[in-house]
Amino acid sequence: MEIKDRISFLKKHENDCYRICYYLLQSEKMACEAAKKALYSLSRCDSFFAENTQAVRELVRKEAMKSALQLKKEQSDLLRL
């Protein structure tokens with residue numbers, strides 16, 4: 029799959045990814061950052077682009093949650109310093 033096709037595919041899932049991140053983080057700035065990281069991670073996963081619709085949604089959900097929770101942990105670790 030060409031890069032432009034991958035970008036187009038990722039854009040279809042951008043809003044869902046952001047919504048999940050925002051729900052977990054309750055911060056627009058942090059949600060944007062987490063969603064970018066999640067989508068970047070998915071962009072490097074060849075199997076993501078070959079999955080069926082349900083599996084793709086599940087991968088987006090899992091990656092968004094992982095990214096958001098990781099960012100939240102990093103933020104809380106910085107506050108402890």
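Every number in the numbering used here is 28 more than the matching position in the sequence shown, counting from 1. C-beta atoms are modelled at their ideal positions from N, C-alpha and C, and glycine is treated no differently. Just so we're clear, the structure is a prediction, and the values are computed from it rather than from any experiment.
- When only Cα atoms are considered, A59 and L53 end up about 6 angstroms apart.
- Around the beta carbon of C73, a 10 Å sphere encloses fewer than 16 other beta carbons of the protein chains shown; the residue is thus reported as exposed.
- Taking the Cα positions, A83 is about 17 angstroms away from N43.
- For the pair R47 and E56, the Cα-to-Cα distance works out to about 10 angstroms.
- L109 and S75 have their C-alpha atoms roughly 39 angstroms apart.
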